Each structure stands twice: as structure tokens, then as C-alpha cells.
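**Q** There's a structure below that I have some questions on.
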Amino acid sequence: MKRDQSPVLPGDGATDYARYMRTEALLDLQRHPGEVLHRDELLFQVAHQSTELWLKLAEAELTEAVHRVDAGDPAGAESLLTRATLAVRLVTDQLEIFRHLSPAAFQTMQPALGNGSGAESPGWRRVQAASRQLGRAFTEHLATRGATPATFRPTDPTDPAHRLAEAMLEWDERVSLWRVRHLQVALRIGGHAPAGTPGSPATMLAKLTGHRFFPELWQARVATADTPTCAHSRPDSP
Ligand code: HEM
1000 MKRDQSPVLP GDGATDYARY MRTEALLDLQ RHPGEVLHRD ELLFQVAHQS TELWLKLAEA
1060 ELTEAVHRVD AGDPAGAESL LTRATLAVRL VTDQLEIFRH LSPAAFQTMQ PALGNGSGAE
1120 SPGWRRVQAA SRQLGRAFTE HLATRGATPA TFRPTDPTDP AHRLAEAMLE WDERVSLWRV
1180 RHLQVALRIG GHAPAGTPGS PATMLAKLTG HRFFPELWQA RVATADTPTC AHSRPDSP
């Protein structure tokens, strides 16, 4: 028997899929072909808008992770943080699409962007605020165990706090990797002065690649590094 596909949900759209996903509004959020300065504005807007959506998810997961840590549930926080980290990996991957945007196309569309800059991205701003909250919550959680991020020695992989600390390090690393890729995109398309030129956007972006939300967790890692993990650093290696 044929499945009844007539819509039952309220809202705009001919199908329940369209009504639930709000595809009419979503697909109307990009500039129309008649108003663009360059047809690659679609590529540019889709990459940015989809990034904002993934970052919306990342921020929601980070915020809930903070609540879980505050409630004494680092294991619950870890699984949420892992999802946020995957979202950042996905937005890093999608920077690949900019290999198909030429500097000339970008310059043509630039007047359409006004004074806009990715630095104004609400998604990145909220993710950064939530990351700082996570650092605060974890520090308070460790204090209940008589530790600090700088003195915490994650040596027991079955300890939820150990696992959360590892997930926080990965979060920091993945955000930095996004910044490394984004710097290359900016240099390749934006035509900026090379990183190192005093006061240039590229120099600012290059500096940000070294930013860490949880620097003490990284420092604690140095303090615990008793075994070389690189074969070349062993005293007996050639
Ligand atoms: C054509 C592609 C892109 C170019 C040429 C580009 C270029 C730049 C430049 C030059 C800056 C330095 C600040 C400024 O001068 O405005 C910047 C910052 C920034 N951009 Fe982009 N960008 C691109 C794509 C993206 C995408 C897809 C996002 C995702 C939302 C993004 C997010 C950011 C953020 C968050 C910053 C602040 C720096 C940071 O937090 O690391 N950009 N971008």
C-alpha cells in the first residue's frame, strides 16, 4: 500500500520535510542570482552560513558540557565536548571549498560584503565564550579534588576527569587546526601581506594559531612527559 505523504505538520512548504526543516526559509537565505556581483557569492555564503550552523551546534554542546561539569558529571561533559570537536573538524574540512574560489572572484564580490569580517562571526564568538566557561568549570571541578589544571596529572584513563582533560586538549588542538587552515585560505585568496609583516591581518591570524583555551592543561602535559614519544628523541636512536 502506498505511504500517505500528505503533510500533517503546520508551516510553509508542500511536504512535512520542508515544513520541519524550514527549507523554504533556509534556501532563501542566499543572495539571488540577479543581485550577486559574482556567481561565486553562493559558494562563499554557503561555506560561511553552514559554518555558522555547525558552530551553533558546537556552542550548544559546549554550553551543556559546562552544565554537566558544574553538576559533577565530567563523563557526560566529555561526550558532549566530543560532538563539538567533530563539528569543528567538519568546518575545517569545508574550508577545502575555498580552493575553488579565485582571488579575482573574491575581489569582485568584496563590495557586497561591506565592512564585514569573519572576525565578527557570532558562531566563533559564542564558541569562544563557551570554551572559557568550560575552562572555569573544569578548574572548579578539579578544586573539589584538591587539584588545579596545572597540577592535575591525567594518569588514569578510566577517570572521567582524565578523559575530559584529554577531550579539552583535543578541542584546543582542533580549533587551532581550523585557524591554521583558515590562515592558508586568507593568504591564498585574500592576497594579504605575508605572516610576519608588522600589523598585517595575516600576522594576527598566524599569532592566533598558537592560542589555547586551556594553557595550563598543556603545561601540565610537559610536566608529566617522562617518556619520549618520538623515536628520534631516544638517546640510543641514531
Ligand atoms: C574567502 C575566504 C576567507 C578569507 C579570505 C578570510 C580572511 C580573513 C582575514 C583577512 C581575517 C583577519 C581579520 C580581517 O582582516 O578581517 C579573518 C578573520 C577571521 N575569519 Fe576569515 N576568511 C575567510 C573565510 C572564513 C570563514 C569560512 C570563516 C567561518 C566563519 C571565517 C572566520 C573568521 C574568524 C573567526 C576570524 C577571526 C580570527 C580568528 O578567530 O582566528 N573566515 N578572515
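If you want the working numbering, it's the position in the sequence shown, counting the first as 1, plus 999. Think of the CB as a built atom: it goes at the ideal place given N, C-alpha and C, for glycine as much as any other residue. Just so it is clear, the structure is predicted and the values come from calculations on it, not from any experiment.
If you run the structure through DSSP and keep just helix, strand and coil, what is alanine 1201?
**A** It is helical.
**Q** So, under 8 Å CB-CB, tryptophan 1170 and leucine 1080 are touching, yes? Tell me the CB distance rounded to an integer number of Å.
**A** Confirmed, about 6 Å.
**Q** Could you have a look at arginine 1030 and say whether DSSP puts it in helix, strand or coil?
**A** Arginine 1030: coil per DSSP, three-state reduction.
**Q** Any heavy atom of ligand 1 closer than 7 Å to the CB of methionine 1203?
**A** For ligand 1, at least one heavy atom lies less than 7 Å from the Cβ of methionine 1203.
**Q** Confirm the yes/no value for this check: CB of phenylalanine 1212, any heavy atom of ligand 1, distance under 7 Å.
**A** Result no, Cβ not under 7 Å from ligand 1.
**Q** Compare the Cα-Cα distances from alanine 1146 to each of Gln1048, Arg1030, Ala1219 and report the closest residue.
**A** When each option's Cα is compared against that of alanine 1146, the closest is Ala1219.
**Q** Give a yes or no on whether the C-beta atoms belonging to glutamate 1058 and arginine 1131 are separated by under 8 Å.
**A** Cβ atoms of glutamate 1058 and arginine 1131: not closer than 8 Å.
**Q** How close, in whole Å, do the beta carbons of leucine 1054 and glycine 1122 come, if the pair is a contact with beta carbons under 8 Å?
**A** Leucine 1054 to glycine 1122, Cβ: 3 Å. Contact.
**Q** How many angstroms separate the CA atom of aspartate 1072 from the CA atom of histidine 1210?
**A** Cα to Cα, the separation comes out at about 27 Å.
**Q** Using a Cβ-based criterion (distance less than 7 Å to any ligand heavy atom), does threonine 1050 qualify as near ligand 1?
**A** Correct: threonine 1050 has its Cβ closer than 7 Å to ligand 1.
**Q** Tell me the residue span of the alpha helix (DSSP H) that contains proline 1102.
**A** From DSSP, the alpha helix (DSSP H) with proline 1102 extends over 1102 to 1108.
**Q** Is it buried or exposed for valine 1007, if we count other Cβ within 10 angstroms and need 16 for buried?
**A** By the 10 Å Cβ count, valine 1007 comes out exposed.
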